[in-house]
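*Asks:* If you read the sequences in order, they're chains A and B. Per this note's numbering, residue 691 is the first one in the first sequence, and the count goes up by one each step. Per this note's numbering, residue 2 is the first one in the second sequence, and the count goes up by one each step. C-beta atoms are modelled at their ideal positions from N, C-alpha and C, and glycine is treated no differently. Remember, it's a predicted structure, so these values are computed and weren't measured experimentally.
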Amino acid sequence: MQDRELKLNSLSRYAKSSPLFILEEHGHCEVPAGCGGVVLRWRDPRAGVPFTLWSHTPGQARLWLDGAEPPSSRPVVGFGEHALALAVEGVDPAFMVLMFAAGDRPDQDRHVKRSAPELVRHTLTTADDGTWRYTFDEPRDDSWKLPGFDDSGWPPMVRNEERPPPEDPEKWDPAAYRITKLTGFGAVGLGVEGRGDRVWIRKEFTIPAPGGQEA
Amino acid sequence: MDPETVGDPRELLALARELEAAGDRHRAATAYDRAHGLDPADPEIAEARAALLDSLAVVEHGITFRYVPGGTFLMGSETGEPDERPVHPVRLPHYWLSEAPISWAAYCALMDCEPPPDGSPRGGDDDFGFFLENKIRLQYCEDATTRAVDWHAHAAPHKWYSGDREIDSRDIFGTPPREDPERPWRYDTKPMVSVSWEQAAEMGRRLTTGRAVYRLPTEAEWERAARGGLIGRRYPWGDEPPTPERCDFDRFDEFSVLPSRRLPPNGYGLYAMSGSVWEWTADWYDARYYAHSPEADPTGPAEGQEKVLRGGSWADCADVVTVSFRMSCAVGDHGNYMSPTIGFRLCRREPRTRR
Numbered sequence: 691m692q693d694r695e696l697k698l699n700s701l702s703r704y705a706k707s708s709p710l711f712i713l714e715e716h717g718h719c720e721v722p723a724g725c726g727g728v729v730l731r732w733r734d735p736r737a738g739v740p741f742t743l744w745s746h747t748p749g750q751a752r753l754w755l756d757g758a759e760p761p762s763s764r765p766v767v768g769f770g771e772h773a774l775a776l777a778v779e780g781v782d783p784a785f786m787v788l789m790f791a792a793g794d795r796p797d798q799d800r801h802v803k804r805s806a807p808e809l810v811r812h813t814l815t816t817a818d819d820g821t822w823r824y825t826f827d828e829p830r831d832d833s834w835k836l837p838g839f840d841d842s843g844w845p846p847m848v849r850n851e852e853r854p855p856p857e858d859p860e861k862w863d864p865a866a867y868r869i870t871k872l873t874g875f876g877a878v879g880l881g882v883e884g885r886g887d888r889v890w891i892r893k894e895f896t897i898p899a900p901g902g903q904e905a
Numbered sequence: 002m003d004p005e006t007v008g009d010p011r012e013l014l015a016l017a018r019e020l021e022a023a024g025d026r027h028r029a030a031t032a033y034d035r036a037h038g039l040d041p042a043d044p045e046i047a048e049a050r051a052a053l054l055d056s057l058a059v060v061e062h063g064i065t066f067r068y069v070p071g072g073t074f075l076m077g078s079e080t081g082e083p084d085e086r087p088v089h090p091v092r093l094p095h096y097w098l099s100e101a102p103i104s105w106a107a108y109c110a111l112m113d114c115e116p117p118p119d120g121s122p123r124g125g126d127d128d129f130g131f132f133l134e135n136k137i138r139l140q141y142c143e144d145a146t147t148r149a150v151d152w153h154a155h156a157a158p159h160k161w162y163s164g165d166r167e168i169d170s171r172d173i174f175g176t177p178p179r180e181d182p183e184r185p186w187r188y189d190t191k192p193m194v195s196v197s198w199e200q201a202a203e204m205g206r207r208l209t210t211g212r213a214v215y216r217l218p219t220e221a222e223w224e225r226a227a228r229g230g231l232i233g234r235r236y237p238w239g240d241e242p243p244t245p246e247r248c249d250f251d252r253f254d255e256f257s258v259l260p261s262r263r264l265p266p267n268g269y270g271l272y273a274m275s276g277s278v279w280e281w282t283a284d285w286y287d288a289r290y291y292a293h294s295p296e297a298d299p300t301g302p303a304e305g306q307e308k309v310l311r312g313g314s315w316a317d318c319a320d321v322v323t324v325s326f327r328m329s330c331a332v333g334d335h336g337n338y339m340s341p342t343i344g345f346r347l348c349r350r351e352p353r354t355r356r
């Protein structure tokens with residue numbers, strides 16, 4: 691709404707603006723806020739960055755961030771070392787297994803307005819860079835979901851753009867929508883080599899603290 | 002003796018008892034309150050104060066109004082945002098504040114609307130604004146709902162059409178989860194949300210009689226009440242950081258409001274002054290108002306662009322749900338207030354203390 695945008699960018703003494711905190715307006719297309727409504731949230735940018743998650747996989751996937759399933763697809767993630775972990779079932783190794791993107795992309799997200807820019811901008815996308823690793827062998831415990839796990843014995847995922855044909859070419863294909871969106875974020879399709887219908891995937895990443903200091 | 006000039010809590014306790022015995026309950030309450038502010042740990046003071054404050058509460062129109070003693074308090078915070086400074090003394094007469102934010106059920110009952118989940122004004126034209134607002138209320142105000150799930154699924158009645166075929170919208174979009182699916186649908190324990198300043202102010206006007214004035218609290222009335230009698234503290238309970246046991250806050254991912262009385266009240270018996278929903282006040286917002294605000298019963302700037310909201314919401318971080326954080330929102334246009342984070346409560350004053 692136009693007057694909201696004016697307000698969010700206003701430094702007027704007659705409308706609240708904060709030098710310390712960020713006011714977010716989450717639009718009704720992304721969160722339950724009625725029709726035309728918004729969910730307002732004041733957030734401390736020194737506590738971390740909003741980390742909106744998008745993913746696509748042909749199988750059934752579970753996702754963990756630092757060992758826990760995120761409470762939503764838009765958690766706030768603190769500065770420092772993190773581990774993303776996925777367990778995907780129903781995998782056909784011939785076809786793409788994972789596309790993933792996460793982070794703060796205000797230019798791409800018209801459904802969230804913010805009163806101020808983030809202190810740190812950070813995005814994470816699937817890339818054929820050897821840092822996304824997988825195994826077909828079920829891990830012994832949950833330590834693989836945490837930062838610091840030694841995955842040097844896990845092979846790196848490799849670029850794969852092949853995907854299974856749609857079940858009904860006449861019907862709208864939600865997977866194509868997701869893939870197009872993820873491609874727009876710069877994510878690439880990553881696949882696996884070998885055999886198995888369950889695959890465990892992990893990726894470590896760092897969100898730098900404001901000012902370039904490690905948290 | 003003026004309770005405001007006495008600096009010793011035990012001396013104030015003695016004075017309060019004397020005033021109460023003489024039938025001067027309002028000044029007695031002021032003395033007890035000041036004694037409690039100076040020594041919150043004194044159990045004798047706390048007990049005597051609570052007993053008198055409880056006895057001064059009133060129930061009108063089905064709403065419990067808690068008594069807030071007259072007196073002077075320090076408004077604002079030196080450690081908060083720039084618009085919370087300077088800390089300045091504010092003197093207020095006694096008044097009452099609704100014990101909890103107004104529920105959707107209470108609003109409908111008192112404003113001649115159909116009971117929730119319909120919620121539309123009786124006898125009026127179909128109001129599309131109410132229809133849109135009620136979609137939000139239906140997911141966030143129902144007593145036992147634990148999470149809203151979809152943006153357009155739950156407008157009552159749940160009738161959608163595919164050609165000539167009637168479809169229940171809940172079959173398409175699902176039903177919000179409830180604590181107890183067997184419990185009857187009720188809308189009287191959670192705050193009404195998505196409420197405009199005008200709707201809230203109109204409720205006060207409609208209830209006002211020659212015996213009592215109801216209206217939105219001024220910013221000063223809201224903050225004094227939120228502090229619960231404590232002096233210079235950050236939250237209604239003190240300076241300790243909020244926790245889920247104290248405050249409904251920092252639950253953005255859960256998309257729900259807790260029932261207003263789920264968590265403990267503050268020192269004036271007021272529930273949910275911190276977190277839950279932002280609450281409208283009567284005042285216009287001016288970031289610099291505290292620099293020249295009058296000491297006696299301030300009523301805010303004479304004009305402005307946005308009205309002040311206070312208290313923070315279930316979605317906000319801990320630093321925002323303080324007793325002094327100030328927020329604002331535009332009034333007069335449809336839509337700005339349409340958020341499950343905005344509600345209100347009413348202030349009650351006797352006509353002789355009307356401003």
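What residues in the stretch 71-92 of chain B have a beta carbon less than 8 Å from any beta carbon of chain A?
*Replies:* Here the close residues are 82, 83, 84.
*Asks:* Could you give the uninterrupted runs of the beta strand (DSSP E) lying entirely in the stretch 799-874 of chain A, keeping only those of 3 residues or more?
*Replies:* Segments of the beta strand (DSSP E) lying fully in the stretch 799-874 of chain A: 802-804, 813-815, 823-825.
*Asks:* Alpha carbon to alpha carbon, how far is residue 292 of chain B from residue 279 of chain B? Give it in angstroms, no decimals.
*Replies:* Position 278 of the second sequence, counted from the first residue, corresponds to residue 279 of chain B. Position 291 of the second sequence, counted from the first residue, corresponds to residue 292 of chain B. Each residue's alpha carbon lies about 24 Å from the other.
*Asks:* Tell me the residue span of the beta strand (DSSP E) that contains residue 788 of chain A.
*Replies:* On the first sequence, residue 788 of chain A is found 98 positions in, with the first residue counted as 1. That residue, residue 788 of chain A, is in no beta strand (DSSP E); it is neither H nor E in DSSP.
*Asks:* I'd like to know if residue 709 of chain A contacts chain B, where contact means its C-beta is closer than 8 Å to some C-beta of that chain.
*Replies:* Mapped onto the first sequence, residue 709 of chain A falls at position 19. Judged by the 8 Å Cβ criterion, residue 709 of chain A is in contact with chain B.
*Asks:* CB-CB under 7 Å to residue 297 of chain B, same chain, minus the five flanking residues each way: which ones, in chain order?
*Replies:* Stepping through the second sequence from its first residue, residue 297 of chain B is reached at position 296. The residues are 92.
*Asks:* Measure the Cβ-Cβ separation of residue 879 of chain A and residue 830 of chain A and say whether it is below 8 Å.
*Replies:* In the first sequence, counting from the first residue as 1, residue 879 of chain A sits at position 189. In the first sequence, counting from the first residue as 1, residue 830 of chain A sits at position 140. Contact flag unset, no.
*Asks:* What in chain A is Cβ-close to residue 200 of chain B, meaning under 9 Å?
*Replies:* Mapped onto the second sequence, residue 200 of chain B falls at position 199. Per Cβ cutoff of 9 Å: no residues; residue 200 of chain B is ~15 Å from chain A at best.
*Asks:* With a threshold of 8 Å between beta-carbons, can residue 704 of chain A be considered close to chain B, or not?
*Replies:* Residue mapping note: residue 704 of chain A aligns to position 14 of the first sequence, counting from 1. Answer yes: the Cβ-Cβ gap between residue 704 of chain A and chain B drops below 8 Å somewhere.
*Asks:* Excluding sequence positions up to five away, which residues of its chain have a Cβ less than 6 Å from the Cβ of residue 692 of chain A?
*Replies:* Indexing the first sequence from 1 puts residue 692 of chain A at position 2. With a pLDDT of 48 at residue 692 of chain A, under the threshold of 50, the modelled position of this residue cannot be trusted; read the value that follows with caution. Closer than 6 Å at Cβ, skipping near neighbours: no residue.
*Asks:* Three-state secondary structure (DSSP) at residue 885 of chain A?
*Replies:* Reading the first sequence from its first residue, position 195 is the one you call residue 885 of chain A. Residue 885 of chain A: coil per DSSP, three-state reduction.
*Asks:* With a threshold of 8 Å between beta carbons, is residue 762 of chain A in contact with chain B?
*Replies:* One-based indexing of the first sequence puts residue 762 of chain A at position 72. Yes, residue 762 of chain A counts as interfacial toward chain B.
*Asks:* Just to confirm my understanding: we take residue 746 of chain A, look at its own chain, exclude 5 residues before and 5 after, and list those with CB closer than 7 Å. What are they?
*Replies:* Taking the first residue of the first sequence as 1, we reach residue 746 of chain A at position 56. Same-chain partners within the cutoff: 789, 865, 868, 869, 872.
*Asks:* Since residue 721 of chain A meets chain B, which of its residues come closer than 7 Å, beta carbon to beta carbon?
*Replies:* On the first sequence, residue 721 of chain A is found 31 positions in, with the first residue counted as 1. Residues of chain B passing the Cβ test: 256.
*Asks:* Considering only the beta carbon of each residue, do residue 41 of chain B and residue 271 of chain B sit closer than 8 Å?
*Replies:* Sequence index remark: in the second sequence, residue 41 of chain B carries index 40 (1-based). Sequence index remark: in the second sequence, residue 271 of chain B carries index 270 (1-based). Not in contact: residue 41 of chain B and residue 271 of chain B (Cβ atoms no closer than 8 Å).
*Asks:* So with Cβ pairs under 8 Å, would you call residue 784 of chain A a contact of chain B?
*Replies:* For the purposes of this step, residue 784 of chain A is taken as the residue at position 94 of the first sequence. No, no contact with chain B.
*Asks:* Please confirm if residue 137 of chain B has its CB atom under 8 Å from at least one CB of chain A.
*Replies:* As a first step, residue 137 of chain B is located in the second sequence; it is residue number 136 there, counting from the start. Yes, residue 137 of chain B lies at the interface with chain A (some Cβ there is under 8 Å from its Cβ).
*Asks:* Establish whether the CB of residue 342 of chain B and some CB of chain A are separated by less than 8 Å.
*Replies:* Along the second sequence, read from residue 1 onward, the residue named residue 342 of chain B stands at position 341. Cβ-Cβ to chain A under 8 Å: yes for residue 342 of chain B.
*Asks:* Who are the Cβ neighbours of residue 724 of chain A in its own chain at under 7 Å, not counting the five residues just before and after it?
*Replies:* Position 34 of the first sequence, counted from the first residue, corresponds to residue 724 of chain A. Cβ neighbours of residue 724 of chain A beyond the five flanking positions: 718.
*Asks:* State the CB to CB distance for the pair residue 105 of chain B and residue 204 of chain B, rounded to an integer number of angstroms; the pair is presumed to be in contact (CB under 8 Å).
*Replies:* Within the second sequence, residue 105 of chain B is the residue found at index 104, counting from 1. Within the second sequence, residue 204 of chain B is the residue found at index 203, counting from 1. 12 Å between Cβ atoms; not a contact.
*Asks:* Quick one: is residue 140 of chain B buried, meaning 16 or more other Cβ sit within 10 Å of its Cβ, or exposed?
*Replies:* Here residue 140 of chain B refers to the residue found at position 139 of the second sequence. Under this definition residue 140 of chain B is a buried residue.
*Asks:* Within the same chain, show all residues whose beta-carbon is closer than 6 Å to that of residue 131 of chain B, passing over the 5 residues directly before and after it, in chain order.
*Replies:* To locate residue 131 of chain B, count along the second sequence from 1; it is residue 130. Contacts found: 121.
*Asks:* Is the Cβ of residue 737 of chain A closer than 8 Å to any Cβ of chain B?
*Replies:* Counted from its first residue, the first sequence places residue 737 of chain A at position 47. Yes, its Cβ sits closer than 8 Å to a Cβ of chain B.
*Asks:* If you follow the alpha helix (DSSP H) that residue 204 of chain B is part of, which residue opens it and which one closes it?
*Replies:* As a working mapping, residue 204 of chain B is identified with position 203 in the second sequence. Where residue 204 of chain B is concerned, the enclosing alpha helix (DSSP H) stretches over 198-208.
*Asks:* Interface residues of chain A around residue 286 of chain B at Cβ under 8 Å?
*Replies:* Within the second sequence, residue 286 of chain B is the residue found at index 285, counting from 1. The contacting residues are 704, 705, 706.
*Asks:* Check whether chain B comes within 8 Å of residue 814 of chain A, counting only Cβ atoms and requiring the distance to be less than that.
*Replies:* Counted from its first residue, the first sequence places residue 814 of chain A at position 124. No - not a single Cβ of chain B is within 8 Å of the one on residue 814 of chain A.
*Asks:* Determine whether the beta carbon atoms of residue 276 of chain B and residue 322 of chain B lie at a separation below 8 Å.
*Replies:* As a first step, residue 276 of chain B is located in the second sequence; it is residue number 275 there, counting from the start. As a first step, residue 322 of chain B is located in the second sequence; it is residue number 321 there, counting from the start. A contact, by the Cβ cut-off of 8 Å.
*Asks:* Take residue 351 of chain B and list the residues in its own chain whose beta-carbon comes closer than 7 Å to its own, dropping the five residues that flank it on each side.
*Replies:* Residue numbering aside, residue 351 of chain B sits at position 350 when the second sequence is read from its first letter. If we look at residue 351 of chain B and ignore the five residues flanking it on each side, its Cβ neighbours are 213.
*Asks:* Does any CB atom of chain B fall closer than 8 Å to the CB of residue 730 of chain A?
*Replies:* Position 40 of the first sequence, counted from the start, is the residue given in the question as residue 730 of chain A. Residue 730 of chain A counts as touching chain B.
*Asks:* Relative to the alpha-carbon of residue 286 of chain B, which residue among B:273, B:264, B:309 has its alpha-carbon at the smallest distance?
*Replies:* Taking the first residue of the second sequence as 1, we reach residue 286 of chain B at position 285. For the residues B:273, B:264, B:309, the minimum Cα distance to residue 286 of chain B belongs to B:309.
*Asks:* Distance, Cα to Cα, residue 711 of chain A vs residue 764 of chain A?
*Replies:* Locating residue 711 of chain A in the first sequence gives position 21, counting from the first residue. Locating residue 764 of chain A in the first sequence gives position 74, counting from the first residue. If I take the Cα positions, the gap works out to 18 Å.
*Asks:* Going by C-alpha distance, which of B:312, B:15, B:340, B:307 is nearest residue 706 of chain A?
*Replies:* On the first sequence, position 16 is the one that residue 706 of chain A refers to. When each option's Cα is compared against that of residue 706 of chain A, the closest is B:307.
*Asks:* Under three-state DSSP, which class holds residue 88 of chain B?
*Replies:* Residue mapping note: residue 88 of chain B aligns to position 87 of the second sequence, counting from 1. Note: residue 88 of chain B maps to coil in three-state DSSP.
*Asks:* Please list, in chain order, all residues of the same chain as residue 58 of chain B whose beta carbon is under 8 Å from its beta carbon, the five residues on each side excluded.
*Replies:* Position 57 of the second sequence, counting from 1, holds the residue named residue 58 of chain B. So the list reads 65, 66, 67, 68, 97, 100, 270, once near-sequence residues are dropped.
*Asks:* The stretch 6-34 of chain B: which residues have C-beta closer than 8 Å to a C-beta of chain C, in chain order?
*Replies:* In the structure shown, chain C cannot be found, because the protein chains are A and B.
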